[in-house]
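Note that the working numbering has the sequence shown beginning at 15, numbered continuously upward.
Glycine is no exception: its CB is placed at the ideal position from the N, C-alpha and C atoms.
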Amino acid sequence: MDVAREKRSVGIPRALWYYYLFPFFKGILEELGAEIVVSPPTTKRLLANIDLCPTDEPCISIKLLFAHAAALWTKGVDFIFLPIIVSLEKDNFCCPKFIGAADMIIRGLRLPPHRVLAPIIDFSRGEKFVLRSLADLGQSLGGGGLKAAANALAAGRRLQGEYRQLTLQGLTTTEAYAKLHPLRGRANPPLPAEGIAYDPDLRIGVVGHPYIIHEWIAHNLIDRLRLYGQVITAEMVPADEVRAQIGRLYEGTQLWHLEALQLGAALAMIQKGMVDKLVLVGCFECGPASIIEVFIENEAAKRHLPLLNLRLDEHTGEAGLITRIEAFMDTSPTGGRRPSSLPGPRRGGETIGVPTVGYLDIPIRAMLDEWGVDSRFSPPVSRTIVERGMELAPEFICFPFTAMIGQMRHLLDEGVGSILMVGGKGKCRLGWYAQAQEILLAAAGHDFKMLLLDSPFPLKSKGSSFLQHLKGLLGGSPWPRIMRGFHLAYAKLAALDEGEKLLRFGRAFEGRRGSADLLWAQFMEQVRTASGIGTINRAVRELREAIDALTEETDPLRVRLVGEIWVLMEPYANLGLEEFLGTRSDLRVWVDREVSPRHWVDLHLLRLPRARRREGELMRAAWPYLREPVGGHGLETVGQTVLARPEGMDGVIHLYPFTCMPEIVAQNILVQGAGELDVPLLTIIASEQTGEAGVETRVEAFLELLAQRRSRTSGLSRKGEDRRAKLLCGHRRGQCEHQAGAD
Numbered sequence: 015m016d017v018a019r020e021k022r023s024v025g026i027p028r029a030l031w032y033y034y035l036f037p038f039f040k041g042i043l044e045e046l047g048a049e050i051v052v053s054p055p056t057t058k059r060l061l062a063n064i065d066l067c068p069t070d071e072p073c074i075s076i077k078l079l080f081a082h083a084a085a086l087w088t089k090g091v092d093f094i095f096l097p098i099i100v101s102l103e104k105d106n107f108c109c110p111k112f113i114g115a116a117d118m119i120i121r122g123l124r125l126p127p128h129r130v131l132a133p134i135i136d137f138s139r140g141e142k143f144v145l146r147s148l149a150d151l152g153q154s155l156g157g158g159g160l161k162a163a164a165n166a167l168a169a170g171r172r173l174q175g176e177y178r179q180l181t182l183q184g185l186t187t188t189e190a191y192a193k194l195h196p197l198r199g200r201a202n203p204p205l206p207a208e209g210i211a212y213d214p215d216l217r218i219g220v221v222g223h224p225y226i227i228h229e230w231i232a233h234n235l236i237d238r239l240r241l242y243g244q245v246i247t248a249e250m251v252p253a254d255e256v257r258a259q260i261g262r263l264y265e266g267t268q269l270w271h272l273e274a275l276q277l278g279a280a281l282a283m284i285q286k287g288m289v290d291k292l293v294l295v296g297c298f299e300c301g302p303a304s305i306i307e308v309f310i311e312n313e314a315a316k317r318h319l320p321l322l323n324l325r326l327d328e329h330t331g332e333a334g335l336i337t338r339i340e341a342f343m344d345t346s347p348t349g350g351r352r353p354s355s356l357p358g359p360r361r362g363g364e365t366i367g368v369p370t371v372g373y374l375d376i377p378i379r380a381m382l383d384e385w386g387v388d389s390r391f392s393p394p395v396s397r398t399i400v401e402r403g404m405e406l407a408p409e410f411i412c413f414p415f416t417a418m419i420g421q422m423r424h425l426l427d428e429g430v431g432s433i434l435m436v437g438g439k440g441k442c443r444l445g446w447y448a449q450a451q452e453i454l455l456a457a458a459g460h461d462f463k464m465l466l467l468d469s470p471f472p473l474k475s476k477g478s479s480f481l482q483h484l485k486g487l488l489g490g491s492p493w494p495r496i497m498r499g500f501h502l503a504y505a506k507l508a509a510l511d512e513g514e515k516l517l518r519f520g521r522a523f524e525g526r527r528g529s530a531d532l533l534w535a536q537f538m539e540q541v542r543t544a545s546g547i548g549t550i551n552r553a554v555r556e557l558r559e560a561i562d563a564l565t566e567e568t569d570p571l572r573v574r575l576v577g578e579i580w581v582l583m584e585p586y587a588n589l590g591l592e593e594f595l596g597t598r599s600d601l602r603v604w605v606d607r608e609v610s611p612r613h614w615v616d617l618h619l620l621r622l623p624r625a626r627r628r629e630g631e632l633m634r635a636a637w638p639y640l641r642e643p644v645g646g647h648g649l650e651t652v653g654q655t656v657l658a659r660p661e662g663m664d665g666v667i668h669l670y671p672f673t674c675m676p677e678i679v680a681q682n683i684l685v686q687g688a689g690e691l692d693v694p695l696l697t698i699i700a701s702e703q704t705g706e707a708g709v710e711t712r713v714e715a716f717l718e719l720l721a722q723r724r725s726r727t728s729g730l731s732r733k734g735e736d737r738r739a740k741l742l743c744g745h746r747r748g749q750c751e752h753q754a755g756a757d
């Protein structure tokens with residue numbers, strides 16, 4: 015036998031994407047000559063190995079992926095198959111965990127990268143890109159080439175099509191798989207049916223990811239529901255019905271691909287009268303589920319369809335689940351789940367309400383005032399605002415969503431008639447905030463108009479329509495006035511960004527504590543009231559001179575803040591962390607934070623060369639740890655942490671909101687990576703319940719650790735370096751950048 019063509023064993027973990035795409039990848043791998051080995055079904059013993067996941071934040075599906083991958087590795091397969099699934103269609107993406115799972119597993123289990131097959135499946139880049147990735151996969155298996163890749167892709171699609179035909183005949187995912195690829199395994203024993211009356215006319219819809227519904231943690235959910243009546247799952251709904259439902263939603267085709275399958279199926283079940291009861295199944299901390307559940311619950315409430323919302327994880331008890339199912343099945347099919355609220359009077363006329371974060375109200379207000387827009391801005395985030403948001407927000411939505419909807423309620427109570435909110439669909443949930451918030455606010459009785467300012471990206475295809483839409487929102491303001499508003503807003507944004515850098519520097523080097531903060535407060539007011547770019551530039555120069563005049567020689571710790579932009583910017587959410595770090599009486603700390611609104615504008619809107627160069631640096635730095643952007647600032651978090659030590663940092667603090675998917679991926683990777691990089695890393699996860707005392711205690715301990723490390727390495731890494739002079743020079747470079755951008 016030709017050794018080059020000898021079949022290599024490829025292990026497929028029975029988790030996550032397996033429950034959607036096993037036929038597809040089975041066809042591809044077998045066509046390329048692989049021998050497939052699937053990990054056994056989850057058992058209680060295997061479930062105990064989910065602690066192989068380095069952190070507790072990922073959802074149970076990722077933890078199970080760790081356990082199944084480890085089982086295959088122990089079994090001794092030649093390769094483990096962990097595809098990087100970015101996009102399955104041209105116009106949408108997959109959840110960040112599908113994109114980052116391979117790198118999380120490689121880093122967390124310390125697998126040799128050459129023993130992991132991780133083709134990048136990204137149809138948003140075109141089929142040729144996928145074919146090249148599959149050709150590389152074929153080379154790893156001893157053959158390959160584009161022709162072999164094309165044959166493999168065709169084989170995968172053919173087998174996936176056969177699977178779909180089986181599900182349309184009423185088979186669940188696992189039942190269809192059993193016909194396509196019989197595997198040895200323990201069959202579920204018959205469930206006791208005592209006291210349960212089976213109704214052949216009762217149709218029970220079940221919507222949720224099959225990697226949850228058919229897992230051990232679901233405790234035979236489908237079989238239990240079949241004791242009561244006929245069960246219809248999402249995969250049994252025809253694809254054209256799913257597409258039709260998603261197509262009716264604004265930008266629905268850009269929803270995460272697998273969530274679109276679930277949402278479209280649920281809406282079809284409800285609107286077409288396909289089911290009498292509906293069970294929505296998700297897992298703890300599932301980000302996309304917190305968005306689609308808003309649409310499903312709203313539609314079920316309008317149709318008075320009984321709905322059971324289940325959230326499962328490794329701690330879900332069988333007895334408690336059975337009790338909830340029994341209670342739900344006793345409800346009447348005609349009983350409403352929640353009463354509809356009558357909209358209140360719209361009192362706001364033409365006033366537009368704007369939720370804000372940090373200092374963003376200053377540049378946005380300047381822009382809207384220049385455009386002649388009658389606007390009202392929300393108050394800063396506070397406990398009252400957050401509590402009002404919590405009354406409406408889904409349980410596992412992220413902190414920014416909750417705070418923003420609380421701000422919106424405040425604005426609506428003050429009488430605004432419209433709310434201005436950003437959009438832009440991608441891998442992060444932010445692009446779906448406005449639509450979900452509109453549904454929740456309307457259900458609470460608010461009558462208003464949501465003004466969605468959508469993304470202009472990609473500029474070639476969407477830039478013109480974005481500008482036309484913007485002009486329509488502004489009531490036909492002339493283009494010169496619109497451009498003046500943009501220029502003034504950017505000048506203020508850039509000035510505030512530069513001022514923050516000076517503030518951090520001043521806090522670290524000031525002779526009298528508090529002096530830099532007084533200058534910052536005066537500077538903010540100058541920028542707020544400035545009506546011209548020259549006045550703004552002068553304020554920046556004066557602040558720089560004043561900060562320079564008050565500094566003295568110190569040797570501060572350098573701490574880099576990375577993570578999600580809203581939490582980094584919002585003092586209420588991060589508990590004033592920057593001020594706490596920069597104003598300690600016993601220890602000087604110079605804070606470094608790269609993520610900012612100005613940075614985002616420079617990179618994504620203006621595409622400035624220096625911003626693009628930095629993007630390239632971060633992507634190259636992150637590549638050994640995270641190969642594909644996962645949305646939000648996840649990749650930047652990894653890249654900035656990798657570069658922390660080379661760029662003179664003593665440590666890194668990673669902040670993000672609870673359930674933030676991109677940052678969960680980054681954190682999971684960095685837990686191992688930070689040790690390899692010899693950079694101390696502290697993770698702070700912000701939520702509505704985060705306590706100030708606990709965070710400050712952790713930060714103080716972290717700073718003590720950094721100080722001890724500094725004392726041990728004193729004179730080695732910084733020997734002979736005039737650090738303060740070098741850093742002041744960096745501020746002068748920043749001045750040039752600011753003035754060039756503002757002008």
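Three-state secondary structure assigned by DSSP to residue i
i	result
Thr697	strand
Met464	strand
Gln244	strand
Ile236	helix
Ser23	strand
Glu49	strand
Asp136	strand
Arg526	coil
Val609	coil
Met435	strand
Leu517	helix
Tyr264	coil
Pro638	coil
Leu102	coil
Arg390	strand
Cα-Cα separation between residue i and residue j, rounded to whole angstroms
i	j	result
Thr655	Tyr670	14 Å
Arg746	Ser529	Note on Arg746: pLDDT 39, under 50, position unreliable in the model; no value is reported.
His779	Leu96	There is simply no residue 779 to check, as the chain begins at 15 and stops at 757 in what is shown.
Arg552	Ser725	40 Å
Gly222	Gly440	21 Å
Arg558	Asp531	13 Å
Ile699	Phe672	6 Å
Ala707	Pro585	15 Å
Arg659	Gly687	13 Å
Val605	Glu514	10 Å
Arg598	Glu592	10 Å
Ala544	Gly367	22 Å
Leu691	Leu182	51 Å
Asn588	Pro127	36 Å
Ile99	Glu229	21 Å
Inter-residue CB distance, residue i and residue j (contact presumed, cutoff 8 Å)
i	j	result
Leu324	Val293	6 Å
Ile433	Leu465	7 Å
Leu617	Arg607	The pair is not a contact, with the Cβ atoms about 15 Å apart (cut-off 8 Å).
Met663	Arg572	5 Å
Leu145	Ala132	16 Å between Cβ atoms; not a contact.
Val652	Ala680	5 Å
Proximity below 8 Å, CB of residue i to CB of residue j
i	j	result
Pro110	Pro676	yes
Phe594	Glu718	no
Glu255	Ile306	no
Ile678	Leu696	no
Trp614	Val371	no
Gly437	Ala448	yes
Interface flag, residue i vs chain B, CB-CB below 8 Å
i	result
Asp117	Chain labels in this structure do not include chain B; a single protein chain is all it has.
Exercise. Below 8 Å, can you find three or more Cβ-Cβ pairs linking the region 489-502 to the region 381-390?
Worked result: yes
For this session: For the region 44-52 and the region 69-76, state whether three or more C-beta atom pairs, one from each stretch, are separated by less than 8 Å.
Result: The region 44-52 makes no contact with the region 69-76, as fewer than three CB pairs between them are under 8 Å.
Exercise. Counting Cβ pairs, one atom from each stretch, are 3 or more of them under 8 Å apart for the region 427-445 and the region 320-337?
Worked result: no
For this session: Take every Cβ of the region 208-215, pair it with every Cβ of the region 235-243, and state whether three or more of those distances are shorter than 8 Å.
Result: yes
Exercise. If we count Cβ pairs, one from each stretch, closer than 8 Å, do we get three or more for the region 29-40 versus the region 160-175?
Worked result: yes
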